[in-house]
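Worksheet: the structure to be examined is printed underneath.
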Amino acid sequence: MINFGKKMMLTASVVALSAVSVNSAQAQDLSFKNKDEFNEAVKSFILENPEVLFESIDRFREKEQENAQKSAREKISEHAEYLTRPDAPSFGNPDGDITIVEFFDYNCGYCKRALPDIQAILDTDPNVRVVFKDMAILGPSSRTAALYALASKKQDKYFEYHVELMKHRGSKSEEELIKIGEKLGLDTGKLKADATSKEISEQLEKDSRIASEVGVQGTPAFIIGSQFIPGYVGEEGLKQAIEEERAKLKNEG
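Each position in the sequence shown, counted from 1, maps to that position plus 35 in our numbering.
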């Protein structure tokens with residue numbers, strides 16, 4: 036979002052540059068005796084050419100998005116090994132040509148909507164691997180749920196636990212999280228011990244820190260190759276990104 040200060044600076048710059056570009060004769064008349072005279076010129080120009088302001092704001096936003104994508108690509112490259120490491124919570128083909136990294140939160144409604152999209156891709160594309168990175172940003176219960184989900188991996192039940200937790204509509208109290216473990220046949224004593232361990236806590240903290248460095252500001256968000264995709268895009272949006280990444284890999288190969 037552009038703050039008020041940025042808007043004013045942007046407006047003044049656009050007005051001045053646009054006025055200069057009208058024609059050389061008009062450009063020679065661009066002199067202002069004081070601030071009030073300049074402000075009046077700005078006001079008049081905006082009233083006569085309101086579309087310029089909106090166009091300039093759109094261009095400014097596009098530039099900000101381009102810069103954010105560039106920064107994300109650099110950070111993705113920097114952290115690629117950690118983001119896609121073999122022992123990360125994941126499902127799908129570990130040797131697939133495409134790896135999707137999903138950043139999510141168990142209390143995020145759009146993350147829950149993304150679950151069937153991810154499942155559909157895994158069911159129909161045998162060359163995809165999905166790595167799950169929990170942000171745990173939507174309150175204490177998000178963090179507790181994340182710790183228990185990561186702990187379930189110690190018993191090779193991460194994806195099953197992840198799916199159950201995403202579908203769960205009730206509270207995410209410790210009692211409910213243990214019940215999910217019981218339903219999946221987990222050793223609940225070990226599950227609780229692992230969930231409260233320093234190792235699991237540090238793993239969650241590191242995942243959150245790297246997500247922040249990459250530029251993840253909300254959930255869901257996805258990384259596919261060098262592409263950073265913020266927000267919910269649906270199954271078709273993910274498939275399109277996969278196709279683009281495969282085309283890129285083919286051209287590079």
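We treat Cβ as the ideally placed atom computed from N, Cα and C, and that holds for glycine.
Taking the alpha carbon of residue i as the point to measure from, which residue in the options has its own alpha carbon closest?
{"i": "G174", "options": "V165, D191, R96 and C143", "result": "C143"}
{"i": "R120", "options": "K168, K202 and Q262", "result": "K168"}
{"i": "T134", "options": "E113, A149 and P161", "result": "P161"}
{"i": "D152", "options": "E270, V165, E278 and E280", "result": "E270"}
{"i": "P329", "options": "R281, A149 and L221", "result": "The first residue shown for the chain is 36 and the last is 288, placing residue 329 beyond what the model contains."}
{"i": "R204", "options": "E210, P129 and Y141", "result": "Y141"}
{"i": "V163", "options": "K188, F73 and S125", "result": "S125"}
{"i": "L289", "options": "S208, E234, S187 and K233", "result": "Residue coverage of the chain in this structure runs from 36 to 288, which leaves residue 289 outside it and unanswerable."}
{"i": "A180", "options": "D93, T231, G260 and A155", "result": "T231"}
{"i": "V136", "options": "A246, E287 and E279", "result": "A246"}
{"i": "E109", "options": "G260, E279, D71 and I156", "result": "G260"}
{"i": "D158", "options": "F89, E278, G127 and K105", "result": "G127"}
For residue i and residue j, what's the separation of their Cα atoms in angstroms?
{"i": "V8", "j": "F138", "result": "Here the chain comprises residues numbered 36 to 288, so residue 8 is not present and cannot be evaluated."}
{"i": "S243", "j": "R178", "result": "11 Å"}
{"i": "E240", "j": "V251", "result": "14 Å"}
{"i": "E195", "j": "G253", "result": "24 Å"}
{"i": "V166", "j": "A115", "result": "12 Å"}
{"i": "I81", "j": "S91", "result": "12 Å"}
{"i": "I258", "j": "V77", "result": "43 Å"}
{"i": "E210", "j": "A282", "result": "47 Å"}
{"i": "A276", "j": "Q262", "result": "8 Å"}
{"i": "K214", "j": "D122", "result": "26 Å"}
{"i": "R94", "j": "Q154", "result": "37 Å"}
{"i": "N84", "j": "Q238", "result": "54 Å"}
{"i": "G272", "j": "E280", "result": "12 Å"}
{"i": "D71", "j": "V87", "result": "21 Å"}
{"i": "D222", "j": "G216", "result": "7 Å"}
{"i": "N58", "j": "M170", "result": "With a pLDDT of only 41 at N58, under the threshold of 50, the placement of this residue in the model should not be trusted; the figure read from the coordinates follows. Near 53 Å, if we compare the C-alpha coordinates of M170 and N58."}
{"i": "D130", "j": "L118", "result": "15 Å"}
{"i": "S176", "j": "N286", "result": "45 Å"}
{"i": "K105", "j": "F89", "result": "24 Å"}
Mind checking which residues open and close the alpha helix (DSSP H) that includes residue i?
{"i": "S243", "result": "K233 to V249"}
{"i": "P175", "result": "P175 to S187"}
{"i": "S79", "result": "K70 to E83"}
{"i": "D158", "result": "G144 to T159"}
{"i": "I215", "result": "E209 to K218"}
{"i": "G272", "result": "G269 to E287"}
{"i": "T21", "result": "Absent from the model: residue 21. The displayed extent of the chain is 36 to 288, so no value can be given."}
{"i": "H355", "result": "Nothing can be reported for residue 355: it is not among the residues displayed for the chain, which extend from 36 to 288."}
Using 8 Å for Cβ pairs, my map puts residue i next to residue j. What's the rounded Cβ distance?
{"i": "D132", "j": "L284", "result": "7 Å"}
{"i": "S236", "j": "L182", "result": "7 Å"}
{"i": "K274", "j": "I172", "result": "About 27 Å separates the two Cβ atoms, so there is no contact after all."}
Beta strand (DSSP E) containing residue i: first to last residue?
{"i": "A256", "result": "A256 to I259"}
{"i": "R164", "result": "V163 to D169"}
{"i": "V136", "result": "I133 to F139"}
{"i": "I264", "result": "Q262 to P265"}
{"i": "G127", "result": "S125 to G127"}
Please confirm whether residue i has its beta-carbon closer than 9 Å to some beta-carbon of chain D.
{"i": "G131", "result": "The chain labelled as chain D is not found in the depicted structure, where only one protein chain is given."}
Relative to the ligand ZN, is the shortest distance from any of its heavy atoms to the C-beta of residue i smaller than 8 Å?
{"i": "L226", "result": "This structure simply doesn't include the ligand ZN, nor any ligand for that matter."}
Validate contact between the stretch 144-162 and the stretch 265-285 using beta carbons, cut 8 Å, 3 pairs: yes
Stretch pair the stretch 223-230 + the stretch 199-207: three plus CB contacts closer than 8 Å: no
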